[in-house]
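*Asks:*
In our numbering, the protein residues as written are 51 to 162.
(1) Can residue 147 be considered in contact with the ligand MG, in the sense that its beta carbon sits closer than 7 angstroms to one or more heavy atoms?
(2) Alpha carbon to alpha carbon, how far is residue 85 from residue 159?
(3) Kindly indicate the opening and closing residues of the alpha helix (DSSP H) around residue 64.
(4) My parser needs the alpha helix (DSSP H) runs of 4 or more residues fully inside the segment 82-148; what are they?
(5) The alpha helix (DSSP H) with residue 53 in it runs from where to where?
(6) Check whether the segment 83-103 touches the segment 123-136, taking contact to mean three or more Cβ pairs, one atom from each stretch, closer than 8 angstroms.
(7) So, under 8 angstroms CB-CB, residue 152 and residue 139 are touching, yes? Tell me the CB distance rounded to an integer number of Å.
(8) How should residue 55 be labelled, buried or exposed, when 16 other C-beta atoms within 10 angstroms of its C-beta is the threshold for buried?
(9) Helix, strand or coil: which one does DSSP assign to residue 77?
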């Protein structure tokens with residue numbers, strides 16, 4: 051999602067680089083138009099059950115921050131599970147490319 055937002059030059063609305071213009075600014079309507087589009091994109095990429103709990107949020111940044119807060123909680127059992135999966139990962143019948151992809155995916159999840 052982050053890559054897609056960057057490709058469309060919209061990440062700046064999520065990370066706070068572009069903030070809401072002052073009331074009465076000629077840019078305010080355009081800003082809200084972009085927000086509506088971003089909120090729609092985010093809502094269409096998340097689980098329906100999670101979607102209903104976020105419907106009160108108005109801006110894409112608020113949504114992004116809410117998702118980040120929910121899913122960046124340190125989870126001891128999950129960390130242990132990922133360490134175990136990394137330690138026990140074997141190539142078995144996988145091609146070298148598939149095996150590398152599996153290791154890379156586990157590593158990426160663990161280091162997020």
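Just so it is clear, CB atoms sit at the ideal spot from N, CA and C, and this is done for glycine as well.
*Replies:* Considering the structure as presented:
(1) Because no ligand of any kind appears in the structure shown, any question about the ligand MG cannot be addressed here.
(2) A direct Cα-to-Cα measurement between residue 85 and residue 159 gives close to 29 angstroms.
(3) 61-64 is the span of the alpha helix (DSSP H), which, as asked, contains residue 64.
(4) Listed in chain order, the complete alpha helix (DSSP H) runs (minimum 4 residues) inside the segment 82-148 are 98-102, 110-121, 126-138.
(5) Start and end: 52-57.
(6) no
(7) About 6 angstroms separates the two Cβ atoms, so the contact holds.
(8) buried
(9) coil
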